[in-house]
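*Asks:* Could you have a look at this structure, given as structure tokens, before my questions?
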Amino acid sequence: MAVKKVTVTLPEELVEALGTAAREDGIPLSRLVASAAESELRRRVGRRLVADWQAEHGAFTVEEIAAARAEMAAADAQALSAPGQAAA
992 MAVKKVTVTL PEELVEALGT AAREDGIPLS RLVASAAESE LRRRVGRRLV ADWQAEHGAF
1052 TVEEIAAARA EMAAADAQAL SAPGQAAA
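Using the working numbering, the letters of the sequence shown map in sequence onto residues 992 to 1079.
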């Protein structure tokens, strides 16, 4: 994968917190920031997909939202209890 060096301006406290988190995880700061940016882009795609689906089919009902939350909680519980799995 090609990389490109960029300059960004962030609040000092955020840079310090990110640096601490990167050191705790034993990864370069740039990898932590790249991972956060990738996560944000995935969330944006997900929100766009949901908005498109709702535009075509209507808003989710309270029951549908509750069912989705229960399914996500069950998936989280399963992932966290799996042997060898570390919390993200």
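Think of the CB as a built atom: it goes at the ideal place given N, C-alpha and C, for glycine as much as any other residue.
Quick check on this structure: which residue in Trp1044, Val1024 and Arg1060 has the alpha carbon closest to the alpha carbon of threonine 998?
*Replies:* Residue Val1024 is the option with its Cα nearest to threonine 998.
*Asks:* Which residues in the same chain as alanine 943 place their Cβ atom closer than 7 Å to its Cβ, once the five residues preceding and following it in sequence are excluded?
*Replies:* One cannot answer for residue 943 here, as it falls past the ends of the chain, which runs 992 to 1079.
*Asks:* On a Cα-Cα basis, can you pick out the residue from Ser1021, Asp1016, Glu1003 and Phe1051 that is closest to lysine 996?
*Replies:* Out of Ser1021, Asp1016, Glu1003 and Phe1051, Ser1021 has the C-alpha closest to the C-alpha of lysine 996.
*Asks:* Near arginine 1060, which residues of its chain fall below 6 Å by C-beta distance, leaving aside the five closest residues on each side in sequence?
*Replies:* Cβ within range, chain order: n/a, list empty.
*Asks:* Return helix, strand or coil for alanine 1079, following the three-state DSSP convention.
*Replies:* Here alanine 1079 scores only 48 on pLDDT, less than 50, and its place in the model should not be relied on; the value that follows carries that caveat. Note: alanine 1079 maps to coil in three-state DSSP.
*Asks:* Using DSSP with H/G/I as helix, E/B as strand and the rest coil, what is isoleucine 1056?
*Replies:* It is helical.
*Asks:* Please work out which residues of its chain come closer than 6 Å, Cβ to Cβ, to glutamate 1062, disregarding the five sequence neighbours upstream and downstream, and give them in chain order.
*Replies:* The answer is none, since no qualifying residue turns up.
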